[in-house]
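Written below as structure tokens is the structure these notes are about.
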């Protein structure tokens with residue numbers, strides 16, 4: 426089922442009004458702009474959505490707005506970032522009821538947790554759900570993650586965990602695809618800085634920011650159509666900006682969100 430998901434899934438920003446409430450109109454315009462740019466799907470609730478700054482109600486509001494604005498035009502992926510097993514299961518229930526296509530689970534922010542403990546956590550969260558699930562493996566940004574053998578153990582224990590949102594440089598992704606590419610549908614993050622290398626390695630796509638998704642859609646479509654030369658040329662034009670934006674997550678939120686708003 427997860428093999429149907431591919432392409433560019435921009436991670437939507439959380440836009441706020443002057444009183445710090447979520448901005449409904451800005452969210453609607455952002456969704457419309459991404460779809461007009463040709464995005465193959467949309468993502469919400471991850472680090473780029475500032476999940477660590479949002480209440481549970483605010484996260485769920487963004488999910489509901491996104492589903493409402495998208496309709497049936499493209500699939501929607503939701504990242505759940507609650508810190509507890511029951512919290513993540515409740516968030517998945519909400520996302521499923523709202524109509525999302527697939528859900529990505531973030532690890533709980535427990536530095537020093539063992540691989541076995543993380544596998545147990547994810548397998549317990551995933552138990553019983555009938556929609557495709559994934560995990561975000563981003564130790565560079567979250568401070569905790571799974572190694573490749575642990576990920577294989579996890580998918581054996583929880584077959585509905587079919588998707589991996591990896592966050593790593595090209596050599597890591599290439600090795601990951603060699604070991605786990607048959608077990609997972611893999612999307613990289615990191616704002617698409619390694620998009621060409623990721624596609625060459627066999628990734629299904631990337632989950633970048635909103636601000637350059639039009640360029641990344643063109644690159645992906647060129648690559649998928651077999652015009653690798655055009656894709657590489659397009660990527661070279663976009664790479665300096667992508668690299669600048671991805672210096673840190675805070676850097677992306679500061680500058681990427683402003684570019685997206687324009």
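In my numbering, the protein residues as written are 426 to 687. The beta-carbon is built from N, C-alpha and C at its ideal position, and this holds for glycine as well.
Using the C-alpha atoms, what's the distance from residue 488 back to residue 529?
13 angstroms
Quick check: what's the CA-CA separation for residue 463 versus residue 615?
20 angstroms
DSSP three-state call for residue 591: helix, strand or coil?
strand
Where residue 605 sits in the DSSP three-state scheme
Here residue 605 carries a helix assignment [DSSP, helix/strand/coil].
Report the rounded CA-to-CA distance for residue 505 versus residue 653, giving the unit in angstroms.
Near 35 angstroms, if we compare the C-alpha coordinates of residue 653 and residue 505.
Within 8 angstroms, strictly: CB atoms of residue 628 and residue 611
Yes, the pair counts as a contact, with Cβ atoms nearer than the cut-off.
With three or more beta-carbon pairs closer than 8 angstroms as the criterion, would you say the region 512-530 touches the region 490-501?
yes
Quick one, are the C-beta atoms of residue 576 and residue 556 less than 8 angstroms apart?
no
Which runs of the alpha helix (DSSP H) at least 4 residues long sit entirely within the region 502-581? Give them in chain order.
510-523, 540-551, 564-567
Determine the direct distance from the alpha carbon of residue 540 to that of residue 572, and round the result to whole angstroms.
8 angstroms
Straight-line CA distance for residue 684 to residue 636?
6 angstroms
Cβ shell of residue 677 (< 8 angstroms), same chain only, five flanking positions each side left out:
473, 616, 634, 670, 671
Can you have a look at residue 459 and say buried or exposed, based on whether 16 or more other CB atoms are within 10 angstroms of its CB?
Around the beta carbon of residue 459, a 10 Å sphere encloses 16 or more other beta carbons of the protein chains shown; the residue is thus reported as buried.
Residue 508: buried (16+ other C-beta within 10 angstroms of its C-beta) or exposed?
exposed
Alpha helix (DSSP H) runs wholly inside the region 623-660, at least 4 long, in chain order
Whole alpha helix (DSSP H) segments, 4+ residues: 638-649.
Per-residue burial, residue 452 [other beta carbons within 10 Å of its own, 16 or more giving buried]
buried
Residue from 520, 533, 497, 496 with nearest C-alpha to residue 510:
533
Which residue comes first and which comes last in the beta strand (DSSP E) that contains residue 467?
467-469
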